[in-house]
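Asker:
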Ligand SMILES: Cc1ncc(C[n+]2csc(CCOP(=O)(O)OP(=O)(O)O)c2C)c(N)n1
Ligand code: SF4
Ligand SMILES: [Mg+2]
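Chains as they are written, first to last, in the working numbering: chain B, 13 to 192; chain Y, 2 to 252; chain F, -18 to 341.
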């Protein structure tokens, strides 16, 4: 088993964090993982993306040129990485900010209004966690319980309200992913 | 229709790459306007630093060179000595000028090199993501002073104007701020004066801009102005620290 | 061993250095290395050590020079432009035969270049880098785990040989997160003891040593005969290191190899992916991955090549620097093929695979 994915969005949307929690959970479940961010001088308003590889064997190259899965939080991400998704792959996009469909026959596409969902939950910040939920619901690559445990460890004491919102966002995402 | 504000000729059409609310754009504009007014553009060479303004060669519409971190005053010395018939300026941040480039600025000033230095003091390393600068205020948290700058361990902020004003050679040294429209108008006058003295070959001129870095300070732009007024201005006092034209012109 | 944690390379090497007993660290910010200095600024006070953000890289390496002369485990780090500035100090530290650990998170050059991963500093690292006749031990990690493991190794080697150990990483390994397991942290007593081993030469308080000769930390010797002896002594040390400290990894090496690849660090990881793909097509490609770039695994490459491989290929993120050492290793018997990328660009496994197929 080896999955290569790219998570991408505007700086500040939390695309890198999606990759981080996914990698962390996969690592805890015994997989090898690599998390390779785009980096630059304060990417002023530009896009931020991360390449994540999850594998049950040791990972050689951490580079991802043709992802199995793409998580796109905004339109530039769809434009940039959409055409590169492997045939038979999956795209999970934030329909609030990706108005145009990706016109590819052999790629499964899941659109979720992540910003609206996050706003409903009460914090635009948790938009990225909706997509993390969709990944889990759709693919089962990691268990919800593992992510929940990590989130509790990281946020539990510091920010219980944010933890709550994050967990709600993931649950909502899982629901969407499960149905798709 | 009457045009009352337009892009200075000494700026290219390129869009600034600075964050929203960053003062680098204002200082660029002030320098460019003064260059226009003094008709210097086609006889001027600038030196960019390593810092957020590293791409300033895309913005100033005159000859430009890119220096190594901190070495702009040395590059400028070489340039001015090689082409004395041209005017030279450097544009430098606080890390560039007061940390790695301290020797270069002190010695260029001490030699009374005939160029202008524009010094952007935002109390932080903007470009590299918010590390402590030599001008970071006591107690201020940055990514390399996570517990706040401890002046007992790492010293107090350095005041560039006061330091350079102890030297005999510099011709004109002033600290201005970009924190309010009134301050910007004053800053404009100082920049003009520096470049005029530069054009007249009077000697070394130095303008410090008390500036902001909303991104790395973690404030909204307006809050950043307020914070800087409250915290930076008491430490970095505005004013003229040296002006030899006063004696020369008997004013 | 403790659990695995997910960490950036830059943070992992910092944590591992603290655990290895590094209690003094001096550096200046630069991308893509800044997480290392930021981690040290946060954690060094917690272990009671010293962190100073210096005014420049030149100052930082000279702070290292001073602290090392006092027999303490000390480290600095930077990225390419800053490492160039450190060369003066590295030469002095080598001349004075002092231990020190320097980390270079290499980026694209020359000059200001860019901040993306590159391997353009190979010559500088493996040929000394500054003025005079000297060598650094050069360790090249290819994973975050290996980067972290190199901290204790680097300090041990530095102490053993009183030499500069340079860890040559790059922007990719510095910025990437991977699972890491750390070795247990040294206790304060152990660290104290490590310092004591240097008391025969380092500067230290000596009130209770009646016959103490004061120790001079120095690289100056005006008498050419004496300087010659000093440099020849350095050479003895270098010969010893070349005998005992060569490290490398063999990957898929077998008598069936059609091509032998040589690559280090990030380039080696990508090469491994290409080798796996080619395996599926029934092609046998071997890889030697030097872990010490100096001393260089000359003999290993020679042997792997002499097994009757037809072609040899080096893969580097530069214009071709290590290729010189590979040519020397096979004594110019066949031309060495080369795949390179510059400017902070990185070749993909697919590109490497295609190139290898062309060469086959
Ligand atoms: C020799 C060297 N060391 C370090 C760096 C990394 N670096 C780039 S910009 C910078 C500091 C910038 O801060 P400042 O001069 O205050 O300018 P600002 O970005 O705040 O305008 C540093 C340390 C470099 N490019 N070269
Ligand atoms: S990081 Fe700071 S100094 Fe740099 S452009 Fe942004 S606001 Fe301006
Ligand atoms: Mg600054």
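All residues carry an ideal CB built from backbone N, CA and C; glycine is no exception. Because the structure is a prediction, the values reported are computed rather than measured.
For residue 167 of chain B, which residues in chain F fall below 9 angstroms Cβ to Cβ?
Answerer: Here the premise fails: no neighbours, minimum Cβ distance about 16 angstroms.
Asker: According to DSSP, simplified to helix, strand and coil, what is residue 219 of chain F?
Answerer: In this structure, residue 219 of chain F counts as helix in the three-state DSSP scheme.
Asker: Helix, strand or coil: how does DSSP classify residue 102 of chain Y here?
Answerer: Coil at residue 102 of chain Y, not helix or strand.
Asker: Under a CB-based cut-off of 8 angstroms, is residue 51 of chain B close to chain F?
Answerer: Yes, contact with chain F.
Asker: Quick check: is the beta carbon of residue 67 of chain F nearer than 8 angstroms to any beta carbon in chain Y?
Answerer: It does not; no Cβ of chain Y falls within 8 angstroms.
Asker: Below 8 angstroms CB to CB, which residues in the same chain sit around residue 290 of chain F once its five sequence neighbours on both sides are set aside?
Answerer: Taken in chain order, the residues that qualify are 238, 239, 240, 241, 267.
Asker: Which one or two residues does DSSP pair with residue 278 of chain B in a beta bridge?
Answerer: Summary: the structure shown does not reach residue 278 of chain B, with chain B confined to residues 13 through 192, and so no result is reported for it.
Asker: At 4 residues or longer, and completely inside the segment 111 to 171 of chain Y: list those alpha helix (DSSP H) runs for me, N to C.
Answerer: If we require 4 residues or more, the alpha helix (DSSP H) runs fully inside the segment 111 to 171 of chain Y come out as 152 to 155, 161 to 166.
Asker: I need the straight-line Cα distance from residue 205 of chain F to residue 212 of chain F, nearest angstrom please.
Answerer: Roughly 10 angstroms between the two C-alpha positions.
Asker: For ligand 2, is there a heavy atom less than 7 angstroms away from the beta-carbon of residue 19 of chain B?
Answerer: No, since every heavy atom of ligand 2 falls outside the 7 angstroms radius drawn around the Cβ of residue 19 of chain B.
Asker: From which residue to which residue does the beta strand (DSSP E) around residue 207 of chain Y run?
Answerer: Per DSSP, residue 207 of chain Y belongs to the beta strand (DSSP E) from 206 to 211.
Asker: Determine the DSSP secondary structure at residue 153 of chain F, reduced to helix, strand or coil.
Answerer: Helix, per DSSP.
Asker: For residue 98 of chain Y, I'd like the list of residues in its chain whose CB is within less than 6 angstroms of its CB, leaving aside the five on either flank, ordered along the chain.
Answerer: If we look at residue 98 of chain Y and ignore the five residues flanking it on each side, its Cβ neighbours are 106, 120.
Asker: Do you know how far the Cα of residue 189 of chain B is from the Cα of residue 152 of chain B?
Answerer: Between residue 152 of chain B and residue 189 of chain B, the C-alpha separation is close to 10 angstroms.
Asker: Residues of chain F with CB under 7 angstroms from residue 130 of chain Y, in chain order?
Answerer: Those within 7 angstroms of residue 130 of chain Y in chain F are 15.
Asker: Residue 122 of chain Y: beta carbon under 7 angstroms from a heavy atom of ligand 2?
Answerer: Because no heavy atom of ligand 2 lies under 7 angstroms away, the Cβ of residue 122 of chain Y does not count as near it: no.
Asker: Any heavy atom of ligand 3 closer than 7 angstroms to the beta-carbon of residue 95 of chain Y?
Answerer: Flag set: Cβ of residue 95 of chain Y near ligand 3.
Asker: Any residues in the segment 67 to 79 of chain B with a beta carbon nearer than 7 angstroms to a beta carbon of chain F? Which ones, in chain order?
Answerer: So the close ones are 72, 73, 74, 75, 77.
Asker: Which residues mark the beginning and the end of the alpha helix (DSSP H) in which residue 228 of chain Y is found?
Answerer: 222 to 232 is the extent of the alpha helix (DSSP H) around residue 228 of chain Y.
Asker: So what does DSSP say about residue 105 of chain F, is it helix, strand or coil?
Answerer: DSSP places residue 105 of chain F in helix when its eight states are reduced to three.
Asker: Counting Cβ pairs, one atom from each stretch, are 3 or more of them under 8 angstroms apart for the segment 242 to 254 of chain F and the segment 63 to 81 of chain B?
Answerer: As far as the Cβ criterion goes, the segment 242 to 254 of chain F touches the segment 63 to 81 of chain B, which means the pair count is three or higher.
Asker: Would you check if the distance between the CB atom of residue 305 of chain F and the CB atom of residue 277 of chain F is smaller than 8 angstroms?
Answerer: No, they are not a contact pair.
Asker: On the CB-based measure, 16 or more other CB atoms within 10 Å of its CB, does residue 8 of chain Y come out buried or exposed?
Answerer: It is exposed - the Cβ of residue 8 of chain Y has fewer than 16 other Cβ atoms within 10 Å.
Asker: Quick one, which residues of the segment 153 to 173 of chain F are near chain B if we go by CB-CB under 8 angstroms, in chain order?
Answerer: Residues 153, 156, 157, 158, 159, 160.
Asker: Starting from the Cα of residue 142 of chain B, find the closest Cα among B/27, B/90, B/97 and give me that residue.
Answerer: Comparing Cα positions, the closest option is B/27.
Asker: Using 8 angstroms as the limit for Cβ to Cβ distance, is residue 51 of chain Y near chain F?
Answerer: Closer than 8 angstroms: yes.
Asker: What in chain F is Cβ-close to residue 44 of chain B, meaning under 9 angstroms?
Answerer: The contacting residues are 159, 160.
Asker: For residue 72 of chain Y, does the count of other Cβ atoms within 10 angstroms reach 16, so buried, or fall short, so exposed?
Answerer: Result: buried.
Asker: Output the distance between the C-alpha atoms of residue 59 of chain F and residue 15 of chain F, rounded to the nearest integer angstrom.
Answerer: Residue 59 of chain F and residue 15 of chain F: Cα-Cα distance of roughly 8 angstroms.
Asker: Considering only their Cβ atoms, is the gap separating residue 48 of chain B from residue 6 of chain B smaller than 8 angstroms?
Answerer: A query on residue 6 of chain B cannot be resolved here, the shown segment of chain B reaching from 13 to 192 and no further.
Asker: Can you give me the Cβ contacts of residue 54 of chain B inside the same chain, cut-off strictly under 7 angstroms, excluding the 5 residues immediately before and after it?
Answerer: Only weak support is given to the placement of residue 54 of chain B: the predicted model assigns it a pLDDT of 43, under 50, and the value that follows is read from those uncertain coordinates. Once the five neighbours on either side are set aside, residue 54 of chain B has no close Cβ partner at all.
Asker: When you compare each of F/335, F/117, F/218 to residue 82 of chain F by their alpha carbons, which one comes out closest?
Answerer: Out of F/335, F/117, F/218, F/117 has the C-alpha closest to the C-alpha of residue 82 of chain F.
Asker: Can you tell me whether DSSP reads residue 8 of chain F as helix, strand or coil?
Answerer: Reduced to three states, the DSSP call for residue 8 of chain F is strand.
Asker: Closest Cβ-Cβ distance between residue 324 of chain F and chain B: below 8 angstroms?
Answerer: Not closer than 8 angstroms to any Cβ of chain B, the Cβ of residue 324 of chain F fails to qualify, so no.
Asker: Mind checking whether residue 227 of chain Y and residue 176 of chain Y have CB atoms under 8 angstroms apart?
Answerer: Contact flag unset, no.
Asker: Which of the three DSSP states, helix, strand or coil, is assigned to residue 66 of chain Y?
Answerer: Strand, per DSSP.
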